[in-house]
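This report concerns only the one structure given below.
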Amino acid sequence: MKLLNYQTLKEQEYDGYLLKEAPERVLQFGEGNFLRAFADCFIDQMNERAGFDGKVVLVQPNARESSCGTADRMNEQEGLYTLYLRGLADGQRVNEKRIISCVSRCLNMYRDYDSVMACAENPDLRFILCNTTEAGIVYDPSCGRYDTPPASYPAKLTQFLYRRFLLFGDTAGKGFVILPCELIENNGQTLKQCVLRYSRQWKMGAPFLQWLEKETIFCSTLVDRIVTGYPTAEAETLERENGYRDCLMDTGELFASWIIEGPETLKQELPAAQAGLPVRFTYDHRPYRERKVRILNGAHTLMAPGAFLAGQKIVRECMQEPVIRAFLDRAVYDEILPTLSLPEEECRDFAAAVIERFQNPFIDHSLLAISLNSTSKWRTRLLPSLEGFLKTFGYLPECITASFAFYLAFCHGTKLTDKGLLSRRENGDVYTVSDDRQVLNFYYTHRRDSTEELVRAVCGNLSFWGRDLTELPGFEETVCRYLDRIRAHGVLAVMRQISDGDASLLKR
């Protein structure tokens, strides 16, 4: 079977959209599954539908031995790969296939350093994308100006920007629009501050700093799409159907959202609207981040520990369990949505999309995986909603408060190992609680506490929550009642009573 490339598609008389030749307008640090199923998919559609006419140069920013192999495979396939987007749309199963042709080549920063830096000399290059993981946007003072390359991504980017400045510093409009896709708050401004620190550390001069401020746009962004990557179990079948080998197949969900904070002019430069893409340009991305974290991520964290204890394994199964589904709906629509700053209709539409995403028949999203590091997740994803609800209405949100009791029950373990804290769920299955070591040690130390002792110790742990939760009116007492009920009758009993609006049996 022949490898996917332009000649193979020509021999097959492929009649789908392809763009073989176009200027390289985008430099992308990161060649992984996510960007190829998200940003590169968007660029490919802008090429087809809106005349963007741009190719993407992929850059592998790390020194993994396997990276060069990935670059070689991408180049052997002439930048082509098959993307499958699958999920539910208005309740119907959808499986879309597209050959992505916006990638021109793939370089490795360590093997092809000079070639990467030479891209700065391309007058057509305008956009820089990156996804170097959450740990990628960091300032490392050990990085040197003349390292080839320096270790940190911001240092690599600073070198690249300086090369551009030396060539085009006197030409307006030849700076870059930088679009980081890392899942950290204010990713654009965080990256900019790192670049400025290197510029000063390396004494690159005031004119360069002025050029960065005037000609370079660092956009904070918010990205949202579940990408499941190479379909190992299906690859052989899909290749037979396609009639070619594709070492870089990628899969993801249908849903996508890209929020970009930047000037109004970006709408003309990135014709996403003309291409019908879910991209929103805004002067402030933070309300959209709040919505995503509290609804999508918050719903995961609210549901996962309790549903797992109740015997479920994956998110989709939870949506088919009437008690869990009713509990989740009440939590999202009645408790989380009222705390958000965006218009209610927008939030309800987003919530409906989230619920449909949870039912995706093509994704097996593990509850145990979602429950990883539940302590920090509960603090960032659910505590703000609880505080916002209490401030607005003057009483505790029942579902969110109950989810805290689910979290406590989930974290109760009897044996501490190198891998985590061993515990048992309601059906007797053993599982491992995976969290920060400080958290695991805490729960192991308190494994023999009474309900009241445990709840007071957890709620009062400032290092977990950044505040004393015993100060929230009625919170400690309510969590104790829920936890006792969980231990006596199980998670579903608590969910059912709350969903039915009957809390009488939860009273002591």
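Take 1 as the starting number for the sequence shown in the UniProt record's numbering and just add one per residue.
Where a beta carbon is used, it is the ideal one built from N, C-alpha and C, also for glycine.
Everything numeric in this text was worked out from a predicted model, so none of it was measured.
Asked: Residue of His412, Trp465, Glu185, Leu386 minimising C-alpha distance to aspartate 449; Found: His412
Asked: Runs of beta strand (DSSP E) lying entirely within the region 52–102, each at least 3 residues, in chain order; Found: 55–60, 81–89, 92–100
Asked: Within 8 Å, strictly: CB atoms of tyrosine 288 and alanine 402; Found: no
Asked: Cβ shell of alanine 351 (< 6 Å), same chain only, five flanking positions each side left out; Found: Ile295, Val332
Asked: Alpha helix (DSSP H) segment containing tyrosine 198, residue limits; Found: 187–201
Asked: Residue(s) in a DSSP beta bridge with threonine 251; Found: Tyr84
Asked: Every unbroken alpha helix (DSSP H) within the region 271–350, with a cutoff of 4 residues, ordered by chain; Found: 286–291, 298–309, 315–319, 322–330
Asked: Within 8 Å, strictly: CB atoms of proline 154 and leucine 191; Found: yes
Asked: Straight-line gap, arginine 447 to glycine 229 (C-alpha atoms, nearest Å); Found: 39 Å
Asked: Alpha-carbon spacing of leucine 505 relative to alanine 493, whole angstroms; Found: Any answer about leucine 505 is weak, because its pLDDT of 47 lies below 50 and its placement is not dependable; what the coordinates show is given next. Distance between the alpha carbons of leucine 505 and alanine 493: 10 Å.
Asked: Exposed unless 16 or more other CB atoms sit within 10 angstroms - verdict on phenylalanine 393; Found: exposed
Asked: Backbone CA spacing between alanine 307 and glutamate 213 [nearest angstrom]; Found: 49 Å
Asked: C-beta contact flag for glutamate 335 and serine 374 at 8 Å; Found: no
Asked: Contact under 8 Å by Cβ, glutamine 189 with serine 220; Found: yes
Asked: 8 Å Cβ cutoff met for arginine 381 and asparagine 461; Found: no
Asked: Three-state class that DSSP yields for aspartate 44 in the structure shown; Found: helix
Asked: Inter-residue Cα distance where the pair is residue 509 and phenylalanine 34; Found: A question about residue 509 goes unanswered here, because the residues of the chain that appear run from 1 up to 508.
Asked: Sequence-distant residues of the same chain with beta carbon closer than 6 Å to glutamate 496, five excluded per side; Found: Checking the displayed sequence, the identity of residue 496 turns out to be arginine instead of glutamate. Answer for arginine 496: Val323, listed in chain order.
Asked: For phenylalanine 127, the residue or residues it bridges with in DSSP; Found: Val26, Val177
Asked: Glutamate 290 and serine 341 closer than 8 Å at C-beta; Found: yes
Asked: Alpha carbon of asparagine 171 to alpha carbon of glutamine 201, nearest angstrom; Found: At residue 171 the sequence reads threonine, which differs from the asparagine that was named. Distance between the alpha carbons of threonine 171 and glutamine 201: 25 Å.
Asked: Residue range of the beta strand (DSSP E) that includes serine 423; Found: 421–424
Asked: Euclidean distance between Cα positions of leucine 421 and lysine 377; Found: 18 Å
Asked: Contact set for leucine 408: own chain, Cβ-Cβ below 8 Å, skip 5 residues either direction; Found: Leu454, Val455, Val458, Val479, Leu483
Asked: Same chain only: Cβ atoms within 6 Å of leucine 18, ignoring 5 sequence neighbours per side; Found: Ser101
Asked: Nearest neighbour of asparagine 95, chosen from Asp250, Val354, Asp418, Phe464 [CA to CA]; Found: Asp250
Asked: Rounded separation between phenylalanine 475 and phenylalanine 404 - CA only; Found: 10 Å
Asked: Assigned secondary structure, cysteine 119 (DSSP; H/G/I helix, E/B strand, else coil); Found: helix
Asked: Buried versus exposed call for glutamine 77 [16 or more other C-beta atoms within 10 Å across all chains shown]; Found: buried
Asked: Residue 533 versus Leu222, His300, Glu241, residue with shortest Cα-Cα distance; Found: Given that the chain is displayed from residue 1 to residue 508, the structure contains no residue 533 and the question cannot be resolved.
Asked: Under the three-state DSSP convention, the category phenylalanine 267 falls into; Found: Checking the displayed sequence, the identity of residue 267 turns out to be lysine instead of phenylalanine. DSSP places lysine 267 in helix when its eight states are reduced to three.
Asked: C-alpha distance - arginine 145 paired with valine 57, whole-angstrom precision; Found: 23 Å
Asked: Phenylalanine 208 at chain D interface by Cβ criterion, 8 Å; Found: Here chain D cannot be found, since the structure has a single protein chain.
Asked: Nearest residue (CA-CA) to leucine 209, options Thr158, Ala273, Ala118, Phe389; Found: Thr158
Asked: Contact check, phenylalanine 29 vs isoleucine 43, beta carbons under 8 Å; Found: no
Asked: CA nearest to the CA of threonine 216, picked from Gly311, Ile178, Glu13; Found: Ile178
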